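Asks: Shown below is the structure under consideration.
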Amino acid sequence: MKVMSRAALAAGLTLSASLPAMAQATWQPTRPVEFVVTSGAGGGTDVFARTVQAAIAKHDLLPVSVVVTNKGGGSGVEGYVYGRGAQGDPNKVIFGTNNAWTLPMAVRTNWQVQDLTPVATMAFDEFMLWVKQDSPYRSAADLINAAREKPGSVRIGGSQTRDTDQTLVALIQRAAGVRFTYIPYRGGGEAGVQLAGGHIDANTNNPSESIGGWRGSQVRPVCVFRREPLPAGDRVTETQAWSDIPTCASQGLPVDEYRMPRTIFLPPGAPAAAQAFWTDLFRRVSETPEWKDYVQRTSQSARFLAGDEMRAMIREEERATREIFVAEGWTSN
Amino acid sequence: MLSNLDSLMHGFSVALTAYHIMLIVGGVLLGILVGVLPGLGAPNGVTLLLPLTFTMDPVSAIILLTSLYWGALFGGSTTSILFNIPGEPSSVATTFDGYPLARQGRATEALTYAFLSAGFGALVGIIVITLLSTAVASFALRFGPPEYFAVYLLAFSSFIAFGGGTPLKTIIALALGFGFGMMGTDTVSGAMRLTFDVPDLIRGISFLVVVIGLFGLGELLLTIEEGPEFKGANGRIDPREILRTAARMPRYWAAMLRGSAVGVWMGITPGGPTAASFMSYGIARRVSRNGANFGKGEPEGVIAPETADHSAGTAAMLPMLSLGIPGSATSAVMLGGLMIWGLNPGPMLFVEQHDFVWGMIASMYLGNVIGVVLALATVPLFAAMLSVSFAIIGPIIVTVCLVGAYTVANAGFDLWLAVLFGVMGYMMKKLDYPLAPMVLAMVIGDKAEDAFRQSMLLSNGSVTILWSNWLVGTLTSIALLFLLWPVVAMLLGRRRASRAAMAAARQGEAV
Chain A
544 MKVMSRAALA
554 AGLTLSASLP
564 AMAQATWQPT
574 RPVEFVVTSG
584 AGGGTDVFAR
594 TVQAAIAKHD
604 LLPVSVVVTN
614 KGGGSGVEGY
624 VYGRGAQGDP
634 NKVIFGTNNA
644 WTLPMAVRTN
654 WQVQDLTPVA
664 TMAFDEFMLW
674 VKQDSPYRSA
684 ADLINAAREK
694 PGSVRIGGSQ
704 TRDTDQTLVA
714 LIQRAAGVRF
724 TYIPYRGGGE
734 AGVQLAGGHI
744 DANTNNPSES
754 IGGWRGSQVR
764 PVCVFRREPL
774 PAGDRVTETQ
784 AWSDIPTCAS
794 QGLPVDEYRM
804 PRTIFLPPGA
814 PAAAQAFWTD
824 LFRRVSETPE
834 WKDYVQRTSQ
844 SARFLAGDEM
854 RAMIREEERA
864 TREIFVAEGW
874 TSN
Chain B
10 MLSNLDSLMH
20 GFSVALTAYH
30 IMLIVGGVLL
40 GILVGVLPGL
50 GAPNGVTLLL
60 PLTFTMDPVS
70 AIILLTSLYW
80 GALFGGSTTS
90 ILFNIPGEPS
100 SVATTFDGYP
110 LARQGRATEA
120 LTYAFLSAGF
130 GALVGIIVIT
140 LLSTAVASFA
150 LRFGPPEYFA
160 VYLLAFSSFI
170 AFGGGTPLKT
180 IIALALGFGF
190 GMMGTDTVSG
200 AMRLTFDVPD
210 LIRGISFLVV
220 VIGLFGLGEL
230 LLTIEEGPEF
240 KGANGRIDPR
250 EILRTAARMP
260 RYWAAMLRGS
270 AVGVWMGITP
280 GGPTAASFMS
290 YGIARRVSRN
300 GANFGKGEPE
310 GVIAPETADH
320 SAGTAAMLPM
330 LSLGIPGSAT
340 SAVMLGGLMI
350 WGLNPGPMLF
360 VEQHDFVWGM
370 IASMYLGNVI
380 GVVLALATVP
390 LFAAMLSVSF
400 AIIGPIIVTV
410 CLVGAYTVAN
420 AGFDLWLAVL
430 FGVMGYMMKK
440 LDYPLAPMVL
450 AMVIGDKAED
460 AFRQSMLLSN
470 GSVTILWSNW
480 LVGTLTSIAL
490 LFLLWPVVAM
500 LLGRRRASRA
510 AMAAARQGEA
520 V
């Protein structure tokens, strides 16, 4: 009985799938979809996914409801393992960062980024070098010189181990030929507070992670890891805006650009029609005022990538990161 | 300080609208519900409600979410007392005396003690926030990794050292707890530990699942073995009992003040409500005149952890808003909410978002008062559940436990874990191994480990960093003193005993 009903179901599915095959993009979710977040509740990826969810709800972009589930165990491994297990399911959308390809380098996992179905990259989060408000370090060069004089004496905090922050610190060390002591915390927020308390000398937080501390005169940004300063905008503090912060390269810290993409994937083997549907949906989300407001407020750079462009970006980023991982001896496979 | 009172008055003008009162009542009721159901705790409840708040004004949104949190803190004590199943991690310590009280047919009394002392603790926490907001925030900034470690060590040693039980069995239970706590990803090295390549173990073992198994299912197995009757069944339910208990509350003023002090301290130094309740229980057992009764159904054993739990829960809102430090899993979710509503936690929040901050603080007063009243109103209802025959309530408890274990991470694997820990809890109780040290080790073990290893990174491997300034030095020294207390007490006791024996011998000679 069971076998038969399953066979009947399969037949029905192929039938319904083949009927609208003439127009590929007509796939539409017919039951509640799940946004799988590869961070804990309250983390950066969580805010990303929930902002998208809020924009979808406000503009009625989806005919079905959205459930957000947090699967942030193992720095996000949990979410990808879950997505990997949902092979071919177009109703599970995975939200992440570059951890989609850095995690498989650092720990043994059962997925590679090539297995996942890329949907969209919606923004790039910027990185800055922060020091305490009353720190003696005025520029990136000061910090580098201090580390050169006494290797290991400058302590830089960041979120997690072998994740974006530590990778950036490794990049700085290699580029400037110095050695810092890296202290891993549970998240960027914690690294920000630890800097404000003077327990570390610097951190590499994203703008949104430390904007509160900057406005409250606890910490200040030294430079931004970007080819050009951030675009002009409103003043953040009494005297300065994000655009007033110089690039790190101009301060003698030869890391031209470093940033973290906000990525969206479908499980491996998801149908092309579903991939097209989601790409189109998120493109429309990226045009909503809610999304623009979020990107501006968190000082990220809005840039929508999909399809081959996204694949090329992943390939390039993966190659660059792997180089550092290999050099630092962080690879597990 | 006076300007803070002005701000508070302004806050009340924001919070005291019909819409906000409705949100508070609704939030508290929902909170009590999610608090009562184990597994579906405050963090899950707040996460579920978060999408609803996207379209709200930030101050209304935070009022709704914090009210739910207060409700959940109240509700979490209910099942701890009635069925030995902690609804929230922070109400584990409430089971130690709350459940024995319920088994003696004094469930109404125990629930009333719990809710009233919780309300008291919450008020103390809010008053501290109101009066000292600026000073407290800058104090919290002094806490780096060594200070964190010292706080955890202090919480740990004040609970362990003042406990009873066979030392060897306590140590075994502790070691098991540390072992379970370290499963999953290690923050400092990034490596997977004790996961045995099982994908489900990557996220580690959830403390909630363990507690549901050890306490809920384990207790159930014991009940079945001892005869399928619930001893609380003969407890008469008399609403007037609530008032009589309330009249007895002032007698325990010392326990309430002590619990609140511990709670406020742990809420500001981010030790968190769970560690606070354990620490408060441990200290109360040591200091109280009724210390010997602890664990057998002593009201003070309910009051101490409950006041600490709630004062820590409310006091932790301050570092959350002013610094962005999440004191608990729930406030981590709220922090995410803050970002989505377009607010940045930080010192400027108090300056720029006057309506938001003070409206929320004012709503905390209202929410907790409403919370106590609503929670007390549920007492007769919940106490009546004990008189239902075990043949009905037993299966319901199993269902609730398993549903709860599943809800924690929506994972089927956790059901097996819960059952496994249920069997383990049963065996540990049979063999007289204490459960509490194991649970405590799981709660603060991995945080303490992170803090210790971060400290060692900072100091290049020198332990002297734990005495590098007066704050951390004092904390570490007190913690070590507490930890070594049993040894000191034993030595003192032996000397006293030998002196007494000598005296007795001399007396004998004299006769």
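Just so you know, the protein sequences line up as chains A and B, in that order.
Add 543 to a position in the first sequence, counting from 1, and you land on the number used in our numbering.
Add 9 to a position in the second sequence, counting from 1, and you land on the number used in our numbering.
By construction, the Cβ of each residue, glycine as well, lies at the ideal position given by its N, Cα and C atoms.
Keep in mind it's a predicted model, so treat the numbers as computed, not measured.
Contact defined as beta carbons within less than 8 Å: I believe Ala745 of chain A pairs with Val697 of chain A. What is the distance between those atoms, to the nearest angstrom?
Replies: Start at 1 with the first residue of the first sequence, and residue 745 of chain A comes out as number 202. Start at 1 with the first residue of the first sequence, and residue 697 of chain A comes out as number 154. About 7 Å; that satisfies the 8 Å criterion.
Asks: Can you tell me which of the three DSSP states Ile30 of chain B falls into?
Replies: Taking the second sequence and counting its residues from 1, the one referred to as residue 30 of chain B is at position 21. Ile30 of chain B falls in the helix class under three-state DSSP.
Asks: Grouping DSSP H, G and I as helix and E and B as strand, with all else coil, what is Gly585 of chain A?
Replies: Counted from its first residue, the first sequence places residue 585 of chain A at position 42. Residue state, collapsed to three classes: coil.
Asks: Looking only at its own chain, which residues have a Cβ that is under 8 Å from the Cβ of Gly454 of chain B, when we skip the five neighbours before and after it?
Replies: As a position in the second sequence, residue 454 of chain B is number 445, starting the count at 1. Same-chain partners within the cutoff: Gly186, Phe187, Gly190 and Met191.
Asks: Verify whether the separation of the beta carbon atoms of Leu77 of chain B and Val45 of chain B is less than 7 Å.
Replies: By one-based count along the second sequence, residue 77 of chain B stands at place 68. By one-based count along the second sequence, residue 45 of chain B stands at place 36. Contact: no.
Asks: Just checking: is the beta-carbon of Met275 of chain B within a distance shorter than 7 Å of some beta-carbon in chain A?
Replies: The residue labelled residue 275 of chain B in the question sits at position 266 within the second sequence. No, Met275 of chain B does not count as interfacial toward chain A.
Asks: If you measure between the beta carbons of Pro727 of chain A and Val366 of chain B, is that distance less than 7 Å?
Replies: The residue you call residue 727 of chain A lines up with position 184 of the first sequence. The residue you call residue 366 of chain B lines up with position 357 of the second sequence. For Pro727 of chain A and Val366 of chain B, no; Cβs fall outside 7 Å.
Asks: Spell out the partners DSSP gives Tyr728 of chain A in its beta bridges.
Replies: For the purposes of this step, residue 728 of chain A is identified with residue 185 of the first sequence, where counting begins at 1. Bridge partners of Tyr728 of chain A: A:Ser702.
Asks: To the nearest angstrom, how far is the alpha carbon of Gly615 of chain A from that of Gly622 of chain A?
Replies: Here residue 615 of chain A refers to the residue found at position 72 when the first sequence is read from its first residue. Here residue 622 of chain A refers to the residue found at position 79 when the first sequence is read from its first residue. For Gly615 of chain A and Gly622 of chain A, the distance between alpha carbons rounds to 6 Å.
Asks: Going by C-alpha distance, which of B:Leu57, B:His29, B:Phe158 and B:Pro52 is nearest Phe461 of chain B?
Replies: Numbered from its first residue, the second sequence carries residue 461 of chain B at position 452. Measuring from the Cα of Phe461 of chain B, the nearest candidate turns out to be B:Phe158.
Asks: Thinking just about the alpha-carbon of each residue, which of A:Gln709, A:Ala816 and A:Arg805 is nearest to the one in Met856 of chain A?
Replies: Numbered from 1 along the first sequence, position 313 holds the residue referred to as residue 856 of chain A. For Met856 of chain A, the nearest C-alpha among the options comes from A:Arg805.
Asks: Quick one: does His742 of chain A have its CB under 7 Å from some CB of chain B?
Replies: By one-based count along the first sequence, residue 742 of chain A stands at place 199. His742 of chain A counts as touching chain B.
Asks: How would you label Leu11 of chain B, buried or exposed, when you count the other beta carbons within 10 angstroms and need 16 or more for buried?
Replies: Taking the first residue of the second sequence as 1, we reach residue 11 of chain B at position 2. It is exposed - the Cβ of Leu11 of chain B has fewer than 16 other Cβ atoms within 10 Å.
Asks: Suppose you measure from the CA of Trp476 of chain B to the CA of Thr485 of chain B; what does that come to, to the nearest Å?
Replies: Position 467 of the second sequence holds residue 476 of chain B. Position 476 of the second sequence holds residue 485 of chain B. The alpha-carbon atoms of Trp476 of chain B and Thr485 of chain B are separated by roughly 7 Å.
Asks: For the stretch 161–181 of chain B and the stretch 396–407 of chain B, state whether three or more C-beta atom pairs, one from each stretch, are separated by less than 8 Å.
Replies: No, the stretch 161–181 of chain B does not touch the stretch 396–407 of chain B.
Asks: What's the call for Phe129 of chain B, buried or exposed, on a 16-neighbour Cβ count within 10 Å?
Replies: In the second sequence, residue 129 of chain B corresponds to position 120, counting from 1. Phe129 of chain B comes out buried.
Asks: Helix, strand or coil for Ile377 of chain B? Go by DSSP, reduced to three states.
Replies: One-based indexing of the second sequence puts residue 377 of chain B at position 368. The residue you asked about is not Ile; residue 377 of chain B is Asn in the sequence shown. Here Asn377 of chain B sits in helix by DSSP.
Asks: Work out the CA separation of Leu332 of chain B and Pro356 of chain B for me, nearest whole Å.
Replies: Mapped onto the second sequence, residue 356 of chain B falls at position 347. Mapped onto the second sequence, residue 332 of chain B falls at position 323. Whole-angstrom Cα-Cα distance: 6 Å.
Asks: Going along the chain, which residues of the stretch 716–732 of chain A sit with their C-beta nearer than 7 Å to a C-beta in chain B?
Replies: Cβ contacts with chain B: Thr724, Ile726, Pro727, Arg729 and Gly732.
Asks: Please give the ranges of any alpha helix (DSSP H) in the stretch 109–187 of chain B, keeping only runs that are unbroken, at least 4 residues long and fully inside the region.
Replies: Taking only runs of at least 4 residues, the alpha helix (DSSP H) segments lying wholly in the stretch 109–187 of chain B are 116–149 and 154–169.
Asks: Please classify Asn641 of chain A as buried or exposed, where buried requires at least 16 neighbouring CB atoms within 10 angstroms.
Replies: On the first sequence, residue 641 of chain A is found 98 positions in, with the first residue counted as 1. The residue in question, Asn641 of chain A, is buried, as its Cβ has 16 or more Cβ neighbours within 10 Å.
Asks: With a 10 Å radius around its C-beta and 16 neighbouring C-beta atoms as the bar for buried, classify Lys456 of chain B as buried or exposed.
Replies: Translated into the one-based positions of the second sequence, residue 456 of chain B becomes position 447. Lys456 of chain B is buried by the Cβ-count criterion.
Asks: When the cut-off is 7 Å and only beta carbons count, does Asp677 of chain A lie next to chain B?
Replies: The count along the first sequence starts at 1 and reaches residue 677 of chain A at position 134. No, Asp677 of chain A does not count as interfacial toward chain B.
Asks: Please check if any C-beta of chain B sits within less than 7 Å of the C-beta of Gly616 of chain A.
Replies: The residue given as residue 616 of chain A occupies position 73 in the first sequence. True, the Cβ-Cβ gap to chain B drops below 7 Å.
Asks: Ignore the nearest five residues each way along the sequence and tell me which others in Leu558 of chain A's own chain have a CB closer than 6 Å to its CB.
Replies: In the first sequence, the residue the question calls residue 558 of chain A occupies position 15. Reliability of the predicted coordinates at Leu558 of chain A is poor, the pLDDT of 43 falling under 50, and the value obtained from them is presented with this limitation in mind. Excluding positions up to five away in sequence, the list is empty.
Asks: Can you list the residues of chain B that Gln596 of chain A reaches, using a CB-CB cut of under 7 Å?
Replies: Position 53 of the first sequence, counted from the start, is the residue given in the question as residue 596 of chain A. The answer, in chain order, is Pro60.
Asks: Can you grab the Cα-Cα spacing for the pair Leu500 of chain B / Lys178 of chain B, in whole Å?
Replies: Here residue 500 of chain B refers to the residue found at position 491 when the second sequence is read from its first residue. Here residue 178 of chain B refers to the residue found at position 169 when the second sequence is read from its first residue. Roughly 21 Å separates the two Cα atoms.
Asks: So, are the CB atoms of Val342 of chain B and Gly585 of chain A less than 7 Å apart?
Replies: By 1-based counting over the second sequence, the position of residue 342 of chain B is 333. By 1-based counting over the first sequence, the position of residue 585 of chain A is 42. Yes, the Cβ-Cβ distance between Val342 of chain B and Gly585 of chain A is below 7 Å.
Asks: So if I threshold CB-CB distances at 8 Å, which residues from the stretch 776–798 of chain A count as touching chain D?
Replies: No chain D is part of this structure, whose protein chains are labelled A and B.
Asks: Between Arg212 of chain B and chain A, is any beta-carbon pair separated by less than 7 Å?
Replies: Taking the second sequence and counting its residues from 1, the one referred to as residue 212 of chain B is at position 203. So yes, Arg212 of chain B belongs to the interface.
Asks: Hey, is Pro67 of chain B's beta-carbon within less than 7 Å of any beta-carbon in chain A?
Replies: Indexing the second sequence from 1 puts residue 67 of chain B at position 58. With 7 Å as the cut-off, Pro67 of chain B does not count as an interface residue toward chain A.
Asks: Beta-carbon within less than 8 Å of Glu424 of chain B's beta-carbon, same chain only, minus the 5 sequence neighbours each way: which residues are those?
Replies: For the purposes of this step, residue 424 of chain B is taken as residue 415 along the second sequence, with counting starting at 1. For clarity, residue 424 of chain B is Leu in the given sequence; the question names Glu instead. Only Leu411, Ala414 and Tyr415 meet the Cβ criterion.
Asks: Taking the straight line between their C-alpha atoms, what separation do you get for Thr204 of chain B and Pro52 of chain B?
Replies: As a working note, residue 204 of chain B is residue 195 in the second sequence. As a working note, residue 52 of chain B is residue 43 in the second sequence. Roughly 25 Å separates the two Cα atoms.
Asks: Please list the terminal residues of the continuous alpha helix (DSSP H) segment that includes Pro661 of chain A.
Replies: The residue given as residue 661 of chain A occupies position 118 in the first sequence. Here Pro661 of chain A belongs to no alpha helix (DSSP H); instead the beta strand (DSSP E) covers Thr660 to Glu669.
Asks: Can you list, in chain order, the residues of the stretch 620–642 of chain A whose Cβ is nearer than 7 Å to any Cβ on chain B?
Replies: From the stretch 620–642 of chain A, only Val620, Glu621 and Val624 have a Cβ closer than 7 Å to chain B.
Asks: By Cβ distance below 8 Å, which residues in the same chain neighbour Thr864 of chain A in space, the five residues on each side in sequence not counted?
Replies: Working through the first sequence from its first residue, we reach residue 864 of chain A at position 321. Within the same chain, Thr864 of chain A has close Cβ partners Asn641, Trp644, Thr645, Met648 and Thr710.
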